[in-house]
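Contents: one structure, followed by commentary.
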Amino acid sequence: MNGTPRGAVFVFGLGLPAVDTFLQQVINGLTAGSVYAVVALGYTMVYGIIQLINFAHGEVVMIGAMVAFTVINALAPSGLPPLAVVLIGAGCAVPVCMLIGYAMERLAYRPLRHAPRLAPLITAIGVSIILQHLALLIWSRNVLAFPQIIPSRTYMIGGAAITSVQLAILAICFALMAGLAALVYRTRLGTAMRATAQNPQVAGLMGIDIDRVIAATFLIGAALGAVAGVLFGTYYGLAQYTMGSILGLKAFSAAVLGGIGNIPGAMLGGVLLGIVEALGAGYIGDLTNLCSYDMLAARIDDCAGGGNFVLFGSNYQDVFAFIVLILVLVFRPSGLLGERVGERA
Amino acid sequence: MKNTQLAVSLLAIALVVGGCSKETPQQGAKKAQGAAPQAGAGALEIKIGHVAPLTGGNAHLGKDNENGARLAIEEANAANIKIDGKNAKFALVAEDDQEDPKVGSTVAQKLVDAQVAGVVGHLNSGTSIPASPIYNQAGIPVISGSATNPKLTEQGFKNQFRVVGRDDQQGPAIATYLANERKPKLVAVVDDASAYGEGIANEVEKTLRAANVKVLPREKGTNKTNDWKAVLTKLRGRNPDAVFYGGMTSTAAPLLKQGRELGMKAVFSFGDGACEGEMVKLAGNAATEGMLCSQAGIPVEAASKKFLEAYKKRFNQDPIIYAPFTYDAANLLIDAMKKANSPDPKKYLPELQKIAFTGATGPISFDEKGDRKDAEITIFAMKGGKLEPIAVFKAGKVVPYAEFVKTASK
Chain A
-11 MNGTPRGAVF
-1 VFGLGLPAVD
9 TFLQQVINGL
19 TAGSVYAVVA
29 LGYTMVYGII
39 QLINFAHGEV
49 VMIGAMVAFT
59 VINALAPSGL
69 PPLAVVLIGA
79 GCAVPVCMLI
89 GYAMERLAYR
99 PLRHAPRLAP
109 LITAIGVSII
119 LQHLALLIWS
129 RNVLAFPQII
139 PSRTYMIGGA
149 AITSVQLAIL
159 AICFALMAGL
169 AALVYRTRLG
179 TAMRATAQNP
189 QVAGLMGIDI
199 DRVIAATFLI
209 GAALGAVAGV
219 LFGTYYGLAQ
229 YTMGSILGLK
239 AFSAAVLGGI
249 GNIPGAMLGG
259 VLLGIVEALG
269 AGYIGDLTNL
279 CSYDMLAARI
289 DDCAGGGNFV
299 LFGSNYQDVF
309 AFIVLILVLV
319 FRPSGLLGER
329 VGERA
Chain B
16 MKNTQLAVSL
26 LAIALVVGGC
36 SKETPQQGAK
46 KAQGAAPQAG
56 AGALEIKIGH
66 VAPLTGGNAH
76 LGKDNENGAR
86 LAIEEANAAN
96 IKIDGKNAKF
106 ALVAEDDQED
116 PKVGSTVAQK
126 LVDAQVAGVV
136 GHLNSGTSIP
146 ASPIYNQAGI
156 PVISGSATNP
166 KLTEQGFKNQ
176 FRVVGRDDQQ
186 GPAIATYLAN
196 ERKPKLVAVV
206 DDASAYGEGI
216 ANEVEKTLRA
226 ANVKVLPREK
236 GTNKTNDWKA
246 VLTKLRGRNP
256 DAVFYGGMTS
266 TAAPLLKQGR
276 ELGMKAVFSF
286 GDGACEGEMV
296 KLAGNAATEG
306 MLCSQAGIPV
316 EAASKKFLEA
326 YKKRFNQDPI
336 IYAPFTYDAA
346 NLLIDAMKKA
356 NSPDPKKYLP
366 ELQKIAFTGA
376 TGPISFDEKG
386 DRKDAEITIF
396 AMKGGKLEPI
406 AVFKAGKVVP
416 YAEFVKTASK
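Here the protein sequences come in this chain order: A and B. The letter at position 225 of the first sequence is residue 213 when you use our numbering, and the numbering goes up by one with no holes. To convert a position in the second sequence, counted from 1, into our numbering, add 15.
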């Protein structure tokens, strides 16, 4: 990266991005995307089984990060090996989030299972607000700095930097996804979940305890969310009580992109969304810099003397998730891998 | 704080009791006769509003600002000031604008409805500007201790003041320092698309260009961005010598940290929004080492000793950045009221316009726009996890800090 710029190739007056920048954007996008994917699984599993968009799932992720923050912060000075501290932190976050996931289902959603569809949806928003403010009361409104105890090593791959934390995140996320796929497609519980998703009444008649299957779905989703929260906190080094809402919305978009209710779809959607976002934010500024187009540059005063006139900057990063969501809903409402959203929605 | 609350609640009880007694006509006449002289010699309650974010990522700065104003008001109450022949009892009405322009306007209206005599605030330019027409319409004097966007005092409002420097002074200050002392060939300018961030970034870019330093196309985030990797990766490809970011700590810290993670070696510089010790906590010691930043005005530790000691004693902590300024702002309101012998905004506003006051941050007087005359800007560098003042920018020139302190103490 320290080398002088190689011979620039111009396409329509645009400098072609250096290869290392592109690769770096893809790596960054992949890391963020794999976290989105794990969160998206929580949305998609619940939707697949009870057709509820559990808007409180983002807050479960946030609470996972917060619990891990507290534990890691308390144990950081204890002299335990850093990896053990993080594992204990995650080990505490997972059961807390599972408890919240279970309580949420038992207290808020189960009583409304036969209510009109709008009632549980609004309840989900209510649960989300309650959890967010609970976190505000416990962890204060400040941005909390996640203790950086794991020394982050940077590896260079073809001109792109990848840190050990990024590698760990990728490994953990893909392991979780593989594990979940195995659970859903290879175990009795998974079979019961799929049966319930297809038709709860008939599954019940076949002797499946629907309540237990639904509770198990919430537990698994919350556990995945907790891990995602810990990973997110470790990656960015920050945690705040509001972090769940935007993360949740993006993961929800990822789930819709892949086809909500479809587990491989959520994984694909999450990873794609992360990459689209990184590339979009990385290149939109150049593409909409009117001064880089010779024809326009002559007519814009701001371009004089090497100035710039950027129409859309990288601050539109968060918008990409939602542009993708809208495009999918318009052109392929069932998502990339979804099959049967229309019939139940 | 408890004392003011107690005073307010006692006052409320007194009002309720007074109201009730009026409803009993037999006793009413006698009581009213007794109460009238008491009210004459009694307390004159003067409400002073304060607005800053008390929730969100910059709540600690909001609280710091509020503490400054609170200290001034408590001291004024202890001094038994007489205005219009009555004992003036000042009460602070503290509001939270959540750093949100919409909430800022709502809160401004709330203060106007509560008939405050003056307002100290808001903390952010982004909330101060939309709130200013509301105060202007009501004719209530407003003094900001920290809003640095030039627009605030460019609207022709006679009631709008500030005791800090402006971005069009602060931007040139840090940019001049960068250009003169660090001599970068290529600088990347990033902002958070807020009124403050964009304003200061524009000024930095303008000054750098004037000094013949190349500037990359502007990159933007939002005031909630915590993933800067896409932007930074792009910048890394262009290899700038320095990066300037216009934004607040909660977004500046991740920017700096992620830049270092990507292996960027550039000098990172910031405006006052990210010029505080919190940066070390959020981004770590290694990443923040050597960062530059500017603060409008003089460093906290250069505020008057009397103020620093009183603040520490009252709040059991040191002020962060702007508490000395909000302290001065509240004192300016009180001083103008004293001079006009009235808490009526119409009467004391002319006094405020021509005031010459020496506060915790040095001598203060206002120009015709309501800006502080000859405001200083200080440049800081991070050394070993601590921000150290390295230079002061005054009247277009950069003076090394040690030299400035010497001449200032004379």
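Ideal Cβ placement from N, Cα and C applies to all residues, glycine included.
Assigned exposure category for A/Tyr413 - 16 Cβ within 10 Å defines buried: Here chain A covers residues -11 to 333 and nothing more, so residue 413 of chain A does not appear.
Buried or exposed (CB count within 10 angstroms, at least 16 for buried), A/Val190: exposed
Which listed residue (B/Ala103, B/Leu138, B/Glu213) has its alpha carbon closest to that of B/Asn427: The structure shown does not extend to residue 427 of chain B, since chain B is modelled only from 16 to 425, so the question has no answer here.
Residue from B/Lys249, B/Arg85, B/Cys290 whose Cα sits closest to the Cα of B/Phe330: B/Arg85
Closest residue to B/Asp207 among A/Gly270, A/Gln186, A/Asn303 (Cα-Cα distance): A/Asn303
Coil, strand or helix - B/Gln310 by DSSP: Strand.
Minimum length 4: unbroken alpha helix (DSSP H) runs contained in the region 327 to 402 of chain B: 338 to 355, 360 to 368
Length of the line joining the Cα atoms of B/Arg251 and B/Ala289: Straight-line spacing of the CA atoms in B/Arg251 and B/Ala289 works out to 22 Å.
Where A/Phe300 falls: helix, strand or coil (DSSP): coil
Beta-carbon contacts of A/Met165 that lie in its chain and below 6 Å, excluding the five residues immediately before and after: Met255
Length at least 3, wholly inside the region 122 to 181 of chain B: the beta strand (DSSP E) runs in chain order: Entirely contained in the region 122 to 181 of chain B, the beta strand (DSSP E) runs reaching 3 residues are, in chain order, 133 to 136, 157 to 159, 175 to 177.
The alpha helix (DSSP H) enclosing B/Ile215, as first and last residue numbers: B/Ile215 -> alpha helix (DSSP H) spans 210 to 225.
Beta strand (DSSP E) segments (min. 3 residues) lying fully within the region 132 to 212 of chain A: As far as the region 132 to 212 of chain A is concerned, its whole beta strand (DSSP E) runs of at least 3 residues are 142 to 145, 148 to 151.
Cβ-based contacts, 7 Å cut-off: residues of the region 111 to 137 of chain A near chain B: Per Cβ criterion, the list reads Arg129, Asn130, Val131, Ala133, Gln136.
For B/Lys235: DSSP bridge partner residues: B/Asp206, per the DSSP bridge assignment.
Residue-level contact to chain A via CB, B/Leu277, 8 Å cutoff: With 8 Å as the cut-off, B/Leu277 counts as an interface residue toward chain A.
Option in A/Gln186, A/Asp197, A/Gly253 with minimal Cα separation from A/Leu325: That would be A/Gly253, whose Cα lies nearest to the Cα of A/Leu325.
Chain B within 8 Å of A/Asp290, Cβ atoms only: no
Buried/exposed call for A/Tyr223, threshold 16 Cβ in 10 Å: buried
Proximal residues to B/Thr222 (C-beta, below 8 Å), its chain only, five neighbours per side dropped: Gly186, Pro187, Ala190, Thr191, Ala194
DSSP-derived helix/strand/coil call for A/Leu119: Assigned with DSSP and collapsed to three states, A/Leu119 falls in helix.
Own chain partners of A/Val264 with C-beta closer than 7 Å, once the 5 adjacent residues on each side are dropped: Residues Phe308, Val312 of the same chain have their beta carbon placed closer than 7 Å to that of A/Val264, with the five preceding and five following residues left out of the count.
Per DSSP, cross-strand counterpart(s) of B/Ala109: B/His65
Exposure of B/Glu218, with buried meaning 16 or more beta-carbon neighbours within 10 Å: buried
Nearest-angstrom Cα separation, counted from B/Ser284 out to A/Ala210: 41 Å
Which of helix, strand or coil DSSP assigns to B/Ala406: strand
Which residues DSSP lists as bridging B/Pro415, in chain order: B/Ala406
Short-range partners of chain A found in the region 222 to 241 of chain B, where Cβ spacing is below 9 Å: Arg224, Lys229, Val230, Leu231, Pro232, Arg233, Glu234, Lys235, Gly236, Thr237, Lys239, Thr240, Asn241
Assigned secondary structure, A/Ile41 (DSSP; H/G/I helix, E/B strand, else coil): coil
Alpha carbon of A/Pro5 to alpha carbon of B/Asn227, nearest angstrom: Because the pLDDT at A/Pro5 is just 42, under 50, the model does not fix this residue reliably, and the value given afterwards should be weighed accordingly. Using only the alpha carbons, I get a separation of about 26 Å.
Interface flag, B/Lys249 vs chain A, CB-CB below 8 Å: Residue-level contact by beta carbon holds for B/Lys249 and chain A, with a gap shorter than 8 Å.
As assigned by DSSP and simplified to three states, the class of B/Leu201: Strand.
Terminal residues of the beta strand (DSSP E) in which B/Ala257 lies: 257 to 261
Status (buried if at least 16 other CB within 10 Å, exposed otherwise) for B/Gln170: Result: exposed.
Buried versus exposed, by CB contacts within 10 Å (16 or more), B/Thr373: exposed
Touching by the beta-carbon criterion (3+ pairs, under 8 Å), the region 272 to 290 of chain A and the region 224 to 239 of chain A: no
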